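K.L.:
Top line first, the protein sequences correspond to chains A and B.
If you count by my numbering, then the first sequence holds residues 8 to 408, one letter each, in order.
If you count by my numbering, then the second sequence holds residues 14 to 420, one letter each, in order.
Note that CB positions come from ideal geometry on N, CA and C, so glycine has one too.
Every value quoted in this text rests on a predicted model; they were computed, and no experiment measured them.
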Amino acid sequence: MIEIEKLTNDQELIKDFVESLSKKYDSEYFLKKVKNKEFPIELWNEIANNGYLGIIVPEKYGGGNFGIDDLRVFVGEMAKNGLMSFQLVSQIIVCDIMHKYGNDEQKNKYLPEIISGARCSFAFSEPDAGTNTFNIVTDAFKEEEHYKLSGHKTYITGVKESKYMLVVARTASNNDLKDISKSPTISLFFVDPKSKGINITPQNIGFRSTSEREEMLITGDVQYDIYFDDVIVPKENLIGKENEGIGYLYNTFNLLKIMIAAMAIGWGKNVLNKAVEYAKKRTVFEDPIGSYQAIQHPMARAITDLELANLANQIASKACDSEEDINLVTTYANVARYVASEAAYEAWDIAMQSYGGYSLDREYGIITLWQPILSTRIIPISNEVILDHFCKHGLGLPNSQ
Amino acid sequence: MIEFEKKDERQRKMLKAVMDLVDELLTKYSKEETKISTDILTEIVAMAMGSGILEYSDMFASMKKDALPVKLNTLRLVMVELADKYWNKFGELSKFLSKSGFIPFGASLFTFGTLSSTQRGMDLLINKYLPEALNGNCISFGVTEPDAGTNTHKILTTAIEEGDHYRLNGSKVFISGAETRYMNVLTRIVSNGEFEGIGNLIVDTRTKGISMTPMDIAVLPDDQYIVYLDDVIVPKENLISRPKKEEKDIGGGTFYGLNLERILLSMMVVAVGRMAINKAVEYAKQRKVLSKSIEGYQTIEHSLSKAKIRLELANLATKKAAETFDNKEDLEIIGAYANMAKLTGSEAANEVCNVATQVYGADGLNKDNDISIMYQIARLIRIAPINNEMVLNYIGEHLLGLPKSYR
């Protein structure tokens with residue numbers, strides 16, 4: 008499989024770094040980790056030691072000072088080599104928010120620590136908000152010296168093992184929750200997950216039909232529910248200005264979509280690569296199955312769609328880097344996320360078909376990427392919502408909701 | 014509505030100049046039903062070069078030999094922007110294009126690309142064929158043969174070296190604009206009784222031994238011909254591309270031209286798709302069947318959105334292909350993007366036309382709405398210049414390294 012994207016010198020270095028990691032951390036490593044329910048800490052530490060957790064944060068905090076387009080390459084390469092995790096996405100998001108909106112004191116206190124490995128979670132999604140993302144109800148009630156946090160968050164990656172979490176909460180309780188056209192007033196808080204009043208339980212995210220609970224994905228990620236019961240958060244842990252969280256999160260969301268798109272493309276290439284190699288060797292009748300057009304053409308379509316999605320994601324990340332208008336960036340990032348997730352699913356599907364029964368064997372690394380790839384069609388918003396958004400901004404049609 | 018492709022100041026200026034010219038020509042044309050004069054043709058051709066008026070005159074002023082006279086990416090930009098602006102004037106535009114001699118010029122671009130890949134070709138292009146084309150003496154592209162079809166290696170047309178000339182025999186089919194002055198003929202080359210490989214020979218169509226008959230093809234605004242080559246004598250220096258010793262059968266120069274053909278046709282089909290999607294969106298806004306206009310239904314909106322997104326992706330692939338071509342990147346990379354562009358361009362345009370037909374209902378089949386004509390063009394580009402199955406074979410073999418799937 009030839010690589011057709013032309014990388015910059017910086018991006019070549021990033022790629023080399025990821026390839027050096029992939030030589031040490033192979034699929035066996037991950038299978039063993041998941042079996043023992045252990046976080047892939049050795050890999051994490053190596054990423055941290057090389058400054059990649061702070062890839063888009065300036066060097067003075069220990070970061071790499073790269074752009075979003077470089078981040079796209081990093082995430083894509085990590086996924087292509089089977090090294091990407093949702094934990095890494097959360098960490099990069101939290102680093103970015105802290106760097107962009109934190110005050111100097113917060114930045115100096117937290118950034119070096121989280122860039123050098125202290126894990127962070129991004130506590131945003133809630134059971135009753137779903138795709139209507141800003142309709143969250145977790146409430147931060149302001150008292151004299153602190154805020155009092157109460158509510159429920161769900162699908163929060165790695166929070167139990169995290170040192171910090173960034174919590175998104177309402178800070179003005181007079182908003183009308185029913186009116187979805189009105190966005191609630193939201194603020195961001197840096198919270199210690201071990202604070203009194205916080206209860207964390209793992210979610211059952213397995214795909215095997217056994218009675219045993221299965222919590223860890225092949226990426227080493229575990230998802231949690233968090234319950235906040237009058238949790239005291241000191242005033243100085245507010246990130247940015249009170250009530251201005253939504254403005255911050257629009258940027259964060261675009262970054263998130265670009266990363267998820269890069270992940271999807273990387274994972275799609277990961278499974279497609281394996282399937283291509285398999286199809287070259289696997290002989291059922293007289294010729295290798297890769298010489299049958301019923302196999303080869305869907306593979307050719309999959310690589311085409313992955314490469315095109317990659318072009319779309321490049322446009323999005325470069326628009327982010329050159330700080331284009333937020334509506335334009337949002338449309339680009341939406342389109343990239345949508346096409347990348349569909350292309351990844353297409354690649355995964357033909358990989359399953361090529362491997363036949365072996366595709367279900369975890370050792371071949373196809374079925375294990377099923378959930379991660381599927382989730383890229385949902386995170387942070389579903390493809391259907393993206394299409395709704397596109398009607399309005401890409402075609403000038405009214406909202407159909 | 015969001016502008017998908019960001020343009021820089023220079024591009025905006027160039028586009029404005031082109032649009033002004035087209036406005037003027039369309040107004041003129043709607044008054045006079047006569048054939049467009051040579052002056053205007055020259056102007057359109059200059060515009061069609063897309064390099065537009067600006068780059069084009071620059072090039073002639075300085076005669077820069079290293080500059081590609083046709084910047085493909087600029088041409089693409091002009092085509093899709095024209096489609097966006099004149100989406101409701103498909104009929105007028107296509108009549109105008111065929112009457113004005115634009116189409117034979119468009120076909121000449123295939124040859125220009127092949128020429129520009131070498132220094133000798135570049136000299137020929139700048140000193141001879143480009144000025145000739147501007148005077149209306151264009152170059153058609155003679156590739157397809159009745160017995161070869163998709164398998165170009167099987168062509169039978171043969172040029173036998175005899176002293177200072179070649180003797181050319183064979184026949185070609187589906188040749189757009191063959192009645193123009195020159196033809197770039199893909200032929201087997203035989204020297205000293207030995208088959209050397211497949212190369213390109215430019216033939217003056219007034220030469221003795223050439224005859225042609227028009228075909229009755231429904232879709233295209235230009236005429237297609239069957240061309241017979243019967244003991245045609247062609248000067249040796251007209252060989253513009255030949256296989257090098259290390260190349261098997263077909264030379265790099267020929268592939269250069271074939272890639273170019275794919276890129277140009279994907280530009281065209283993306284432009285047609287842009288017209289169709291704009292028409293469909295506009296119609297959906299007005300059309301009311303039940304209590305509200307049909308644009309408000311998610312099934313319509315999502316179909317339109319998906320089709321538009323695919324089309325924009327195809328445009329991106331075409332852009333990338335054009336850029337890699339303009340930058341003379343590695344032939345493998347140009348080939349990858351050119352094939353991806355042709356595959357996705359043709360399929361996206363088909364999807365767009367399909368959705369547009371659905372949105373229009375039976376009215377989509379009304380010739381006055383042009384949707385059915387656009388649909389036929391989009392459908393054709395899944396077959397021409399090569400069928401998408403062969404494109405998928407190319408991608409499977411060259412990008413993925415899978416074994417050959419056809420014999």
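At 8 Å on the CB atoms, spell out the chain A contacts of B:Lys-98, in chain order.
P.N.:
Correct list: empty, because the minimum Cβ distance to chain A is about 16 Å.
K.L.:
Starting from B:Val-240, follow its DSSP beta bridges and name the residues at the other end.
P.N.:
In DSSP, B:Val-240 forms a bridge with B:Lys-185, B:Met-225.
K.L.:
I'd like to know if B:Lys-355 contacts chain A, where contact means its C-beta is closer than 8 Å to some C-beta of that chain.
P.N.:
Chain A contact via Cβ: absent.
K.L.:
From what residue to what residue does the beta strand (DSSP E) around A:Tyr-171 run?
P.N.:
Start and end: 171-177.
K.L.:
Looking only at DSSP bridge pairs, what is B:Arg-201 linked to?
P.N.:
Per DSSP, B:Thr-171, B:Ile-211.
K.L.:
Is it right to say B:Ile-396 is buried, meaning 16 or more other beta carbons lie within 10 angstroms of its own, or is it exposed?
P.N.:
Counting Cβ neighbours within 10 Å, B:Ile-396 comes out exposed, since fewer than 16 surround it.
K.L.:
Using a Cβ-Cβ cutoff of less than 7 Å, which residues in the same chain neighbour A:Val-411 once the five nearest sequence positions on both sides are dropped?
P.N.:
Nothing can be reported for residue 411 of chain A, as the shown portion of chain A is limited to 8 through 408.
K.L.:
Distance, Cα to Cα, B:Ala-231 vs A:Leu-404?
P.N.:
Answer to the nearest angstrom: the Cα atoms are 35 Å apart.
K.L.:
Within 8 Å (strictly less), CB to CB, does B:Ala-369 reach chain A?
P.N.:
Output row for B:Ala-369: interface = no.
K.L.:
Among B:Ile-346, B:Leu-329, B:Met-32, whose alpha-carbon lies nearest the alpha-carbon of B:Lys-19?
P.N.:
Among B:Ile-346, B:Leu-329, B:Met-32, the Cα nearest to that of B:Lys-19 is on B:Leu-329.
K.L.:
Runs of 4 residues minimum, wholly inside the segment 210-290 of chain A: which ones carry the alpha helix (DSSP H) assignment?
P.N.:
Qualifying alpha helix (DSSP H) stretches, in chain order: 252-288.
K.L.:
Less than 8 Å between CB atoms is the rule here; does B:Ala-30 satisfy it with respect to chain D?
P.N.:
The displayed structure is made up of protein chains A and B, and chain D is not among them.
K.L.:
How would you call A:Leu-9, buried or exposed, if buried means at least 16 neighbouring beta carbons within 10 angstroms?
P.N.:
A quick correction: the sequence has Ile, not Leu, at residue 9 of chain A. Label assigned to A:Ile-9: exposed.
K.L.:
Based on Cα-Cα distance, which residue from B:Tyr-388, B:Gly-414, B:Lys-319 lies nearest to A:Phe-397?
P.N.:
Among B:Tyr-388, B:Gly-414, B:Lys-319, the Cα nearest to that of A:Phe-397 belongs to B:Lys-319.
K.L.:
For a test of the three-state rule: what should DSSP assign to B:Cys-151, helix, strand or coil?
P.N.:
Note: B:Cys-151 maps to coil in three-state DSSP.
K.L.:
Secondary structure at B:Val-437, three-state DSSP: helix, strand or coil?
P.N.:
The requested residue 437 of chain B does not occur in the structure, where chain B is confined to residues 14 to 420.
K.L.:
Going by beta-carbon coordinates alone, are B:Leu-95 and B:Ala-284 separated by less than 8 Å?
P.N.:
Yes; because the gap between Cβ atoms is below 8 Å, this pair is in contact.
K.L.:
Taking buried to mean at least 16 other C-beta atoms within 10 Å of its own C-beta, is A:Tyr-68 buried or exposed?
P.N.:
By the neighbour-count rule (16 or more Cβ atoms within 10 Å), A:Tyr-68 is buried.
K.L.:
Using 10 angstroms around the beta-carbon of B:Leu-122, count the other beta-carbons present and answer buried if the total reaches 16, otherwise exposed.
P.N.:
Buried: at least 16 other Cβ atoms inside 10 Å.
K.L.:
Based on the DSSP output, what are the partners of A:Cys-127 in its beta bridges?
P.N.:
BP columns for A:Cys-127 point to A:Tyr-171.
K.L.:
What does DSSP give as the partner residues of A:Val-392 in its beta bridges?
P.N.:
According to DSSP, A:Val-392 bridges with nothing at all.
K.L.:
Taking 8 Å as the threshold, find out whether the segment 29-47 of chain A comes into contact with the segment 72-79 of chain A through three or more Cβ pairs.
P.N.:
No, they do not touch.
K.L.:
Leaving out five residues before and five after B:Glu-325 in sequence, what residues of the same chain have Cβ atoms less than 7 Å from its Cβ?
P.N.:
Excluding positions up to five away in sequence, the list reads Phe-17.
K.L.:
Can you find a C-beta in chain B that's less than 8 Å from the C-beta of A:Arg-126?
P.N.:
Output row for A:Arg-126: interface = no.
K.L.:
Per DSSP, B:Arg-180 is paired with what?
P.N.:
For B:Arg-180, which the question treats as bridged, DSSP gives the partners B:Ile-173, B:Ile-246.
K.L.:
Closer than 7 Å by C-beta to A:His-153: which residues in its own chain qualify, once you throw out the five before and the five after it? Chain order, please.
P.N.:
If we look at A:His-153 and ignore the five residues flanking it on each side, its Cβ neighbours are Ile-239, Val-240, Pro-241, Lys-242.
K.L.:
Which same chain residues, not among the five before or five after B:Asn-291, have their C-beta less than 7 Å away from its C-beta?
P.N.:
Same-chain partners within the cutoff: Asp-97, Trp-100.
K.L.:
So, for A:Tyr-257: in the same chain, excluding its five sequence neighbours on each side, which residues have a beta-carbon less than 8 Å away from its beta-carbon?
P.N.:
These residues qualify, in order along the chain: Ile-333, Thr-337.
K.L.:
Tell me whether B:Tyr-419 is buried or exposed, calling it buried when 16 or more other Cβ atoms sit within 10 Å of its Cβ.
P.N.:
So B:Tyr-419 ends up on the exposed side.
K.L.:
Would B:Leu-326 pass as an interface residue toward chain A - the criterion being a Cβ-Cβ separation below 8 Å?
P.N.:
Yes, B:Leu-326 counts as interfacial toward chain A.
K.L.:
Say whether the segment 190-201 of chain A touches the segment 161-172 of chain A, bearing in mind that this needs 3 or more beta-carbon pairs closer than 8 Å, one atom from each stretch.
P.N.:
Enough Cβ pairs lie closer than 8 Å, so yes.
K.L.:
Verify the CB distance criterion: does B:Leu-344 have a CB-CB separation below 8 Å to chain A?
P.N.:
So no, B:Leu-344 is outside the interface.
K.L.:
DSSP has B:Ser-254 in a bridge; who is on the other side?
P.N.:
Partner(s): B:Asn-213.
K.L.:
Quick check on the DSSP output: the alpha helix (DSSP H) that includes A:Ser-324 runs from which residue to which?
P.N.:
Residues 300-328.
K.L.:
Short of 8 Å in beta carbon distance, which residues of its chain neighbour A:Ile-302, apart from the five on each side in sequence? Order them along the chain.
P.N.:
Excluding residues within five positions, the ones whose Cβ falls inside 8 Å are Ala-286, Ile-296, Ile-357, Gln-360, Ser-361.
K.L.:
Determine the DSSP secondary structure at B:Pro-144, reduced to helix, strand or coil.
P.N.:
Reduced to three states, the DSSP call for B:Pro-144 is helix.
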